[in-house]
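Those protein sequence lines, which keep their order, are chains A, B and C.
Sequential numbering of the first sequence, starting at 0, is according to numbering that gives the first Met the number 0.
Sequential numbering of the second sequence, starting at 0, is according to numbering that gives the first Met the number 0.
Sequential numbering of the third sequence, starting at 0, is according to numbering that gives the first Met the number 0.
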Amino acid sequence: MALVDYLPIAIMFALALVFAVVSLLLSRLIAPHDPTPEKLEPYECGIVPLQDPVQRFPVRFYLVAMLFVIFDIEIVFLFAWAVQFEALGWPGTIAVGVFTLLLVETLVYAWRRGALDWNIPHRERYRRVVAPEIEEAA
Amino acid sequence: MIVNQFLVLGALLFSIGVYGVLVRRNAVLVLLSIELMLAAVNINLVAFGAFVDDAAAAGQVFALFVITVAAAEVGIGLAIVVLIFRNRSSANVDELDLMKW
Amino acid sequence: MSNIDFLALGPEIAVTAAAVLLLMIEVARKPSARVWGWIAGIGIAAALGLSIAGWVLGRGTDANLYFSDMLALDGFSAFGGIVVFTLTGIGLIAGWGLVTSLRRRGAEFVALVLIAAAGMHLMAASANLIMLFIALEVASISFYVLAGITRNRAADEAALKYFLLGAFASAVFLYGIALVFAATGTLSMAGQESFLGETILLRPGVLLAGIALLIVGLGFKVSAAPFHVWAPDVYQGAPSGVTGFLAAGAKVGGFAALARVLTVPLDAYLDDWAPAVAVVAVASVVVGTLLAIAQDDIKRMLAYSSVAHAGFILLALTAGDAGVEAVWFYVSTYALQVVGAFAVVAAVSGPDTGASPLDSYAGLGKRSPMMAAGLGLMMIAMGGIPMTTGFVGKLGVFRAAIDAGYLWAVVTALVATVAGLFFYLRVIVRMYMDAPGGDAPALEVGRGPAWAVGITSAATIVLGIAPWPLLNMLRDALPF
C-alpha cells in the first residue's frame, strides 16, 4: 500500500479538525456571553447537581467488574476456534466444550462463594435483626 | 510492507511502560505501565505476523492469548492491591518496607 | 496434521480435573480437609503415574509433537513431570498445617497448588513459545496468590512485590519472544531450530536482542542476579508452609524452560548466548553468597542461597546440550533440599507466619532432634559437602562448565562455595552449640513436616552416596 492511498484519510482528518476549530471559534465570537452561576454548573440532564460527581466507588464494584472482565475476555478463544472450526473438527469442538465447562465451573464457584451477592450488609442485617423480630412478633 | 515503523512504535511504547514501572509510586499505575508493555508486544506480534506471512496466523493468535493472560494478571494484581489497601490504607509501593535487605 | 491427542496432556488433565472436582465438591458439600487431601493426592498420583508412563514410552527417542507442535512428549518433559509432581506432593504434605489453618479457603489453596503444578509441567513440555508463555503465566499467577494466601501484612507485601516484578519479567520475556518471532518467522521451537540451523542471518541484531530478553525474563523467574531482588522479600513474607513449594517450583519450571529454549531453538547461537549466561551465573553465585552471609532470618538466608544456587545451575547451561543432564540433576535434588529445609522452617515458626529469625533455631538440637538433623543435613547438602546430593550436583555443573571452557567462572564459583559453607554451618552451630533462649519447650512437630523432612532427607543421602541410577536416567532426559 503506497503512502498516497492514505490521502483521503488525511484530507478527512484535516476537514474534521478545521470544522471543529471553526465552529468553536465562531460560537465564541458570535454568541452572547452572559454567565450566571446556574449556567456555569455542569449540565446533568437539566437537574440541579446534588453532589460532586467524583466519588469513591464501593470496593464491591471491583469484584463484579473483575469477574466481568475475565469472563468477557476468555470468550475471545471461541473466536479463534470459530475461524478454524472445520479444520479442527471434533477434537476441537470437544476442547472448546471443555473450555466452556471450565468457565461455567468458575462462575458456579464464584456464585456459591458469594462473590455475586451485592447486598451483603443488608442480608446480614436481615439475618441478625429483622428475622428474629419477625419471629418474636409471630 | 514496512515493518520498521511498527518495530519503532512497539519499542517506544515498551520503553514508556518500563519508565512507568520504574518511576510510578502507586501500585495501580505500575500495573497500568505493565499493561502498556504487554500492549507494545501485541503490536509487535501482529505486525511481525503480517510481515512474515505465516499461514497459521501465529502472531495474531498469540496476541489473543496475551490479551487474555493480561486480563487474568490484572485481575490478580488488582486483588492484591485491594488487599494491600485494606491492610494499610495506602497503595503506595514505597511504603512496602516491612522487609529490607 | 495437527495431531490432537488428549492422552499427551494426561498429567495436566489429571491435576486440573482434581482441582476442578475439589472446588465443586467444596461449594456443594463443604467437606473436611481430609477430603481435599484425598482428591489432591489422587490427582497428583495419577499425574505422576502418567509422567512415569510417558518416561517409559518416550525416553531417549525423538520428541513426539502434539497439538500442531505445541506440546513435546520426550524424556525431558516426562522427567520434568516426575520431578514437578513429586515436589507438589511433598510440598502439600509439608504445608498441610497451612491448609487447615486457612479454614474454608484451604480448598482454594490446594486447587492453586494443583494448577501451579500443571503450569510447571507444561513449562517443561512446551514445544512452542506461545505454549511456554502461557505455562509460565499459569504457574506464576498461581504463585502470586499462594504467596499472599494468609492475607496478613507480611504476606500481602510479598505477594505485591512478587506480582509486580514477576509481571514485569513476563512482559520482558514476551518482548523477547516477539523479537525471536520476528527474526525466525515462526513460534514453534522445532521450526526455529531448523530455520536457524539452515539459515545464516546477515543481521542477527533482532535475534540477539530477543535472546537477551528471553534470558532476562527467565532469569527473573529463577532469581538469578541481578534479577533476584524479589526473592528475599517473597521468601520471607510468604507463609512458611508454602515457601518451599514456591521456591522449588519456580526453580524447576524456570530451569526446564530455560534449558529447552536455549538448547533447542537457539542451539546454533550457543557461542553468542553462552558468555552472557556465564556472566549472569557468576554474578548470581557471588551476590547470593555475599548477601546470604549478612542475613539473620533463615528464610532470607535461604533466599540468597537460592540466588547462588541459580548461578551454579546456570553454569552448567553454558555447555549447551551437554550441560542439560547436570542441570536436571542439580535442580531436581536442590528442589528436594529446599522443600525439606522449608518444612523444618514451617515446623519451627508455624506454617502460616512469614518471618523466621535465626535466633529461634538456637538449641533446636535439644528441642527437636529430628527437625534439627533434617535441617542440618539440608544445610550440608546445600553447602556441597560429599556424601550428599549437593556435592554430586556441584561436581556435575563444574565439569560441564570446564568442558565448555569457562574455567574462570568455575574457579569463582569454587571460591564462593567455600565461602558459602560459613553461613550453612552457622545454622548448624546455632542448632547444636547454643542453648535454647528462655523457656523453649520441646517442639511439637506435626506429621506433615515430619514426613516431608524424612522423605527429602532420605533422598538427599541415598542419591548423594549412590547417584548413578539417577545419572543414568538423565542420559535419556535431553530435550529433542
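We treat Cβ as the ideally placed atom computed from N, Cα and C, and that holds for glycine.
Because the structure is a prediction, the values reported are computed rather than measured.
Cut-off 6 Å between Cβ atoms - residues of its own chain near residue i, not counting five sequence neighbours on either side
{"i": "HIS308 of chain C", "result": "TYR333"}
{"i": "LEU178 of chain C", "result": "VAL205, ALA208, GLY209"}
{"i": "PHE47 of chain B", "result": "GLY58"}
{"i": "PHE244 of chain C", "result": "GLY90"}
{"i": "TYR174 of chain C", "result": "LEU212"}
{"i": "SER331 of chain C", "result": "VAL82"}
{"i": "PHE162 of chain C", "result": "TYR143"}
{"i": "ASP4 of chain C", "result": "TYR65"}
{"i": "ALA123 of chain C", "result": "SER76, GLY79, ALA255"}
{"i": "LEU290 of chain C", "result": "TYR303"}
Where residue i sits in the DSSP three-state scheme
{"i": "LEU64 of chain C", "result": "strand"}
{"i": "GLY309 of chain C", "result": "Before going further, note that residue 309 of chain C is Ala rather than Gly in the sequence given. If DSSP states are grouped into helix, strand and coil, ALA309 of chain C belongs with the helices."}
{"i": "ALA71 of chain C", "result": "strand"}
{"i": "SER14 of chain B", "result": "helix"}
{"i": "SER304 of chain C", "result": "helix"}
{"i": "ASN151 of chain C", "result": "coil"}
{"i": "ASP296 of chain C", "result": "strand"}
{"i": "GLN2 of chain C", "result": "One point to set straight first is that residue 2 of chain C is Asn, not Gln, in the sequence displayed. Coil, per DSSP."}
{"i": "VAL344 of chain C", "result": "helix"}
{"i": "PRO57 of chain A", "result": "coil"}
{"i": "PRO264 of chain C", "result": "coil"}
{"i": "PRO356 of chain C", "result": "strand"}
{"i": "SER88 of chain B", "result": "coil"}
{"i": "SER169 of chain C", "result": "helix"}
{"i": "SER193 of chain C", "result": "helix"}
{"i": "SER31 of chain C", "result": "coil"}
{"i": "SER187 of chain C", "result": "strand"}
{"i": "SER125 of chain C", "result": "strand"}
{"i": "ALA1 of chain A", "result": "coil"}
{"i": "GLY79 of chain C", "result": "helix"}
{"i": "LEU97 of chain B", "result": "coil"}
{"i": "ASP475 of chain C", "result": "coil"}
{"i": "GLY362 of chain C", "result": "coil"}
{"i": "SER141 of chain C", "result": "helix"}
Beta-carbon contacts of residue i that lie in its chain and below 7 Å, excluding the five residues immediately before and after
{"i": "TRP117 of chain A", "result": "ARG59"}
{"i": "PRO231 of chain C", "result": "ARG299, ALA302, TYR303"}
{"i": "LYS8 of chain B", "result": "The question names Lys, but residue 8 of chain B is Leu in the sequence shown. Correct list, in chain order: ILE42."}
{"i": "VAL276 of chain C", "result": "ILE214, LEU313, LEU316, THR317"}
{"i": "PRO238 of chain C", "result": "LEU97, ILE148, THR149, ALA154, PRO350, ASP351, THR352, GLY353"}
{"i": "ARG284 of chain C", "result": "It is worth fixing the name first, because residue 284 of chain C is Val in this sequence and not Arg. Counting only Cβ-Cβ distances below 7 Å, and skipping sequence neighbours, we find ALA307, GLY310, PHE311, THR411, ALA412, ALA415."}
{"i": "ALA17 of chain C", "result": "ILE38, ALA39, ILE41, GLY42, LEU113"}
Amino acids of chain C, ordered along the chain, whose beta-carbon sits closer than 7 Å to that of residue i
{"i": "VAL51 of chain B", "result": "GLY184"}
Contacts that residue i makes with chain A (C-beta to C-beta distance below 9 Å)
{"i": "MET482 of chain C", "result": "Shown here, chain C extends from 0 to 479; a query on residue 482 of chain C therefore has no answer."}
{"i": "GLY74 of chain B", "result": "MET65, LEU66, VAL68, ILE69"}
{"i": "ILE66 of chain B", "result": "ILE72, VAL75"}
Chain-ordered chain C contacts of residue i [CB-CB under 8 Å]
{"i": "ALA71 of chain B", "result": "GLU136, ILE140"}
{"i": "ALA26 of chain B", "result": "LEU159, LEU163"}
{"i": "LEU8 of chain B", "result": "Within chain C, no residue comes near LEU8 of chain B; the closest Cβ sits about 13 Å away, beyond 8 Å."}
Chain-ordered chain B contacts of residue i [CB-CB under 7 Å]
{"i": "TYR61 of chain A", "result": "LEU77, VAL81"}
{"i": "VAL58 of chain A", "result": "VAL81"}
{"i": "LEU173 of chain C", "result": "LEU37, VAL40, VAL65"}
{"i": "GLY147 of chain C", "result": "ILE79, LEU82"}
Partners in chain B for residue i, counting only beta-carbon separations shorter than 8 Å
{"i": "GLU85 of chain A", "result": "Ordered by position in chain B, no residue passes the 8 Å Cβ test against GLU85 of chain A, which lies about 15 Å from the chain."}
{"i": "ALA79 of chain A", "result": "VAL60, LEU63"}
Own chain partners of residue i with C-beta closer than 8 Å, once the 5 adjacent residues on each side are dropped
{"i": "ALA423 of chain C", "result": "In the sequence on display, residue 423 of chain C carries Tyr and not Ala. Cβ within range, chain order: SER304, MET378, ILE379, MET381, GLY382."}
{"i": "TYR268 of chain C", "result": "LEU195, PRO203, LEU206, LEU207, ILE210"}
{"i": "LEU442 of chain C", "result": "ALA346, VAL347, LEU363, ARG366, SER367, MET370"}
Residue i: CB within 7 Å of a non-hydrogen atom of the ligand MG
{"i": "ARG111 of chain A", "result": "What this structure holds is no ligand at all, so the ligand MG is not there to describe."}
Contacts that residue i makes with chain A (C-beta to C-beta distance below 8 Å)
{"i": "VAL26 of chain C", "result": "VAL107, TYR108, ARG111, ARG112"}
{"i": "MET23 of chain C", "result": "GLU104, VAL107, TYR108"}
Residues that residue i contacts on chain A, provided the C-beta gap is smaller than 7 Å
{"i": "ILE3 of chain C", "result": "PRO90"}
Taking a Cβ distance cut-off of 7 Å, strictly less, list which residues of the region 7–19 of chain C are near chain A, in chain order. VAL19
Contact set between the region 30–41 of chain B and chain A, restricted to residues whose Cβ is under 7 Å from the partner: none
Pull out every residue of the region 98–112 of chain A whose Cβ sits closer than 8 Å to any Cβ of chain C, in chain order. LEU101, GLU104, VAL107, TYR108, ARG111, ARG112
Return the residues of the region 230–242 of chain C that lie within a Cβ-Cβ distance of less than 8 Å from chain B, sorted by chain order. PRO231, ASP232, GLN235, GLY236
Output the residue ranges of the alpha helix (DSSP H) runs that lie fully inside the region 201–239 of chain C and measure 4 residues or longer, sorted by chain position. 204–220, 229–236
Only counting runs of 4 or more residues, tell me where the alpha helix (DSSP H) segments fall wholly within the region 21–55 of chain B, in order along the chain. 26–51
Residues of the region 321–351 of chain C with a CB closer than 8 Å to any CB of chain B: list them in chain order, please. none
In chain order, which alpha helix (DSSP H) runs of at least 4 residues are fully inside the region 40–96 of chain A? 59–73, 75–82
Going along the chain, which unbroken runs of the alpha helix (DSSP H) with 4 or more residues stay wholly within the region 390–456 of chain C? 406–432
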